[in-house]
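To start, the structure itself, in structure tokens.
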Ligand code: 3HC
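Numbering (the working numbering), first residue to last: 104 to 433.
As structure tokens, then:
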């Protein structure tokens, strides 16, 4: 009885202490302080950041697949070099983000295994096929354009390692978006067939790109806490609207038609899109998009084939640590 009472009292003290720490933590967030890896943080803050940052990293790595598919088929050496550089950048973005996620306590192996087991997500947008060269221009223009819209506010995220990774990523994303838009300008000023190819790509990518920003605010399960903890600075719908307002004039400049006949411009100048097909979004998130199986099969195959590289690197690192320990003992 006494032990039980003692445990209950100790638990109550710990809860009281944690409640105090949580209040101090929120005061730091409200004061726009950066949270660093060694700082106290609520377990739920750590958990949601590990979730978001690791899924962001998975998205970067899986995102290499649809574009990598066109490196050997780029129409000129200049386009090939730009696409090579972009795909290589995405890999680097993935590594920065895995490194940022690891500061929260999970290992890269755990994070990657969760994705390969289908327990962690990557962005829905990468489950669509790249059917023509115009898709590569559209991905740079729209997908990277949407990523920039989403990632600029993340440079002010309350968690230091994530915010700092985003600053580097955003600098490279602007090149990605510009090279994509340049491809679209070239196609739209080209032959009728080239312009038709650009319009076809816009028709196929427009709605999946709007879904990149996440479900509507009313059904977003993480937005409230992510906003309270200043992980998110804008809601899913706010960023989606910013993206649409910025992109419609670009499509008009290209002479392309946004595939949304119901779109209108309101008195404030905002372009109001029609209802998004959230059933398609849910289908893609549950693994039933056009390319989900291909993407996961490609990632699992690459992970298996890369096992020897990881083992060799780990063995080299262990031997070097042994040598350094032996030298320090001399
Ligand atoms: N694709 C896949 N899953 C999505 C999604 C999408 N487009 N949008 C939302 N989801 C998932 C969320 O992950 C969450 O599921 P979970 O609990 O299993 O993680 C669920 O749907 C509910 O959505 P919420 O709005 O509640 O989730 P978030 O608050 O996390 O908001 C987000 C979703 C806006 C994508 C946010 O996670 C975020 O800003 N992530 C960082 C940016 C990012 O990951 N971008 C992906 C593209 S990266 C890219 O484009 C690279 C570029 O170089 C090409």
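By construction, the Cβ of each residue, glycine as well, lies at the ideal position given by its N, Cα and C atoms. Keep in mind the model is a prediction, meaning the values are calculated, not measured.
query: Shortest alpha-carbon distance to residue 129 belongs to which of 147, 185, 169?; result: 147
query: Skipping 5 residues on each side, what residues in its chain have a beta carbon closer than 7 Å to that of residue 230?; result: 387, 392, 393, 394, 395, 398
query: Put residue 324 into one of helix, strand or coil per three-state DSSP.; result: coil
query: Does the ligand 3HC have even one heavy atom less than 6 Å from the beta-carbon of residue 341?; result: no
query: Any heavy atom of the ligand 3HC closer than 6 Å to the CB of residue 120?; result: no
query: DSSP on residue 138, reduced to helix/strand/coil?; result: strand
query: Is the separation between the beta-carbon of residue 252 and that of residue 359 shorter than 7 Å?; result: no
query: Taking residue 126 as the reference, give the member of 114, 340, 143, 111 with the closest Cα.; result: 143
query: Quick check on the DSSP output: the alpha helix (DSSP H) that includes residue 337 runs from which residue to which?; result: Careful: residue 337 lies outside any alpha helix (DSSP H) and carries neither H nor E.
query: Which residue from 261, 208, 428 puts its Cα closest to that of residue 336?; result: 261
query: Taking the alpha-carbon positions, what's the residue 205 to residue 211 distance?; result: 6 Å
query: Around the C-beta of residue 225, are 16 or more other C-beta atoms found within 10 angstroms, so that it is buried, or is it exposed?; result: buried
query: Residue 199 and residue 214 look like a contact to me (Cβ under 8 Å); what is the Cβ gap, rounded to whole Å?; result: Contact flag wrong, Cβ pair sits at about 13 Å.
query: Are there three or more Cβ pairs, one per stretch, closer than 8 Å when the stretch 360-376 is compared with the stretch 305-319?; result: yes
query: Along the chain, where does the alpha helix (DSSP H) that runs through residue 384 open and close?; result: 381-388
query: Taking only runs that begin and end inside the stretch 140-193, name each unbroken alpha helix (DSSP H) of 4 or more residues, in chain order.; result: 146-165, 167-171
query: Cβ-heavy atom distance between residue 315 and the ligand ATP below 6 Å?; result: With respect to the ligand ATP, the structure offers nothing, as its ligand set consists of the ligand 3HC.
query: Of the residues 117, 329, 403, which one's Cα is nearest the Cα of residue 133?; result: 329
query: Go ahead and pull the three-state DSSP assignment for residue 479.; result: No answer is possible for residue 479: it lies beyond the span of the chain, which begins at 104 and ends at 433.
query: Can you tell me whether residue 169 is buried or exposed, with buried defined as 16 or more other CB within 10 angstroms of its CB?; result: buried
query: Going by beta carbon distance, what residues of the same chain come within less than 6 Å of residue 390, once the five residues before and after it are set aside?; result: none
query: My output table needs one value for residue 231: the three-state DSSP class, helix, strand or coil.; result: coil
query: Do residue 246 and the ligand 3HC come close, with the Cβ less than 6 Å from some heavy atom?; result: yes
query: I'd like to confirm something about residue 250: is its beta-carbon nearer than 6 Å to some heavy atom of the ligand 3HC, or not?; result: yes
query: Are residue 301 and residue 287 touching if we call contact CB-CB under 7 Å?; result: yes
query: Within the present structure, is the beta-carbon of residue 324 separated from the nearest heavy atom of the ligand 3HC by less than 6 Å?; result: yes
query: What would DSSP say about residue 367, mapped onto helix, strand or coil?; result: strand
query: Cα-Cα, which of 235, 194, 247 is closest to residue 350?; result: 247
query: Would you identify the three-state DSSP class for residue 225, choosing helix, strand or coil?; result: coil
query: Any idea if residue 412 is buried or exposed, counting beta-carbon neighbours within 10 angstroms, 16 or more meaning buried?; result: exposed
query: To the nearest whole angstrom, what separates the beta carbons of residue 219 and residue 403, a pair I think is in contact under 8 Å?; result: 6 Å
query: In whole angstroms, what is the alpha-carbon distance linking residue 415 and residue 433?; result: 27 Å
query: When you compare each of 424, 150, 417, 110 to residue 325 by their alpha carbons, which one comes out closest?; result: 150
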